[in-house]
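Going by the numbering used here, the first residue of the sequence shown is number 9, and it counts up by one from there.
Notes for the one structure printed next.
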Amino acid sequence: MAAAVSGGANRCDAIDRELATAYIARMAIRDILSIPDSKLRLVSEPVTAFDGDLKALIEDMFETMYDAPGIGLAAIQIGVPLRLITMDLGKKDEPKAPQVFINPEVVWASDEMGSYEEGCLSIPEYYEEVVRPAAVKVKYLDEAGKPREVEADGLLATCLQHEIDHINGVLFIDHISKLKREMVMKRFRKAAKRGGHPHPAREKKANVV
Ligand code: NI
């Protein structure tokens, strides 16, 4: 009898452990790829299945993005070549404002250009001014697969273009001078050989995507 009770308890423990493991597996901070990882140059595929796997991936992306910390993340930055972006442009002391953009596409861009100092979770601790259209209109699908459109300017316009670049295998350093880009790439290639990033840890900037 005691053995049976004990066995039962063990079974429950086993089930609980399984559920806990499944939960942890669903909500995981993933490794963020950094240059010169060639996966960052892949053109990502459209999302076609709006299922539990997609939901789990989106949860992981938010976990990873908030942990980094960053304000935007493309799925390819965690090695998943899907056209999927998470973003949160909420201020530090404001409630979280998570946004998901699936299969996003720039359908209009302003002639007026704007300049922002950009950073990227895949190019840690490197920041440079990038000139892009100041405003864009972006078509995308929400988490339920419903078509949506957003007209963006300011930081949202910059982030959307930066992240849409990611899903097309483009990095913000592609928009700076060749000389600066080659210097950055060289530094990261050297560091990768040593097995790390080129910069010592220092104060992190807020707007990293
Ligand atoms: Ni980035």
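Note that CB positions come from ideal geometry on N, CA and C, so glycine has one too.
Spatially closest choice to residue 37 from 55, 53, 137 and 69, by CA coordinates: Selected option, being the one with the closest Cα: 69.
heavy atom of the ligand NI below 6 Å from residue 217 C-beta: Residue 217 Cβ: within cutoff of the ligand NI.
Run of the alpha helix (DSSP H) containing residue 66, from where it starts to where it stops: In the DSSP assignment, residue 66 falls within the alpha helix (DSSP H) that extends over 60–75.
Proximal residues to residue 83 (C-beta, below 6 Å), its chain only, five neighbours per side dropped: Cβ neighbours of residue 83 within its own chain (closer than 6 Å, five residues either side excluded): 90 and 92.
Near the ligand NI: residue 167 beta-carbon under 6 Å from a heavy atom: The nearest non-hydrogen atom of the ligand NI is 6 Å or more from the C-beta of residue 167.
Test: residue 164 CB closer than 7 Å to a CB of chain C: This model lacks chain C altogether; it includes just one protein chain.
Three-way DSSP call (helix, strand, coil) for residue 113 in this model: Taken through DSSP and simplified to helix, strand or coil, residue 113 comes out as strand.
Cut-off 6 Å between Cβ atoms - residues of its own chain near residue 10, not counting five sequence neighbours on either side: Its pLDDT being 36, under 50, residue 10 is placed unreliably in this model, and the coordinates cannot settle the point.
Residue 203 versus residue 79: straight-line alpha-carbon distance, rounded: Residue 203 and residue 79: Cα-Cα distance of roughly 26 Å.
heavy atom of the ligand ADP below 6 Å from residue 202 C-beta: This structure simply doesn't include the ligand ADP; it includes the ligand NI instead.
Runs of beta strand (DSSP E) lying entirely within the region 103–190, each at least 3 residues, in chain order: With a minimum length of 3 residues, the continuous beta strand (DSSP E) runs that stay inside the region 103–190 are 106–117, 121–128, 131–141, 143–149 and 155–161.
Sufficient close CB pairs (3 or more, under 8 Å) joining the region 160–180 to the region 105–122: With the cut-off at 8 Å, the region 160–180 and the region 105–122 touch.
Residues near residue 39 in its chain [Cβ-Cβ closer than 8 Å; skip 5 each side]: Non-local beta-carbon contacts of residue 39 in its own chain, meaning distances under 8 Å to residues more than five positions away in sequence, involve 86 and 87 in chain order.
Start-to-end residues for the beta strand (DSSP E) that takes in residue 96: Segment 92–96, the beta strand (DSSP E) holding residue 96.
Pairwise C-alpha distance: residue 55 and residue 206: Computed Cα separation, rounded: 34 Å.
Beta bridge counterpart(s) of residue 80 as assigned by DSSP: Its beta-bridge partners are 95.
Neighbour-count burial assignment, residue 35, 16 or more Cβ in a 10 Å radius: By the neighbour-count rule (16 or more Cβ atoms within 10 Å), residue 35 is not buried but exposed.
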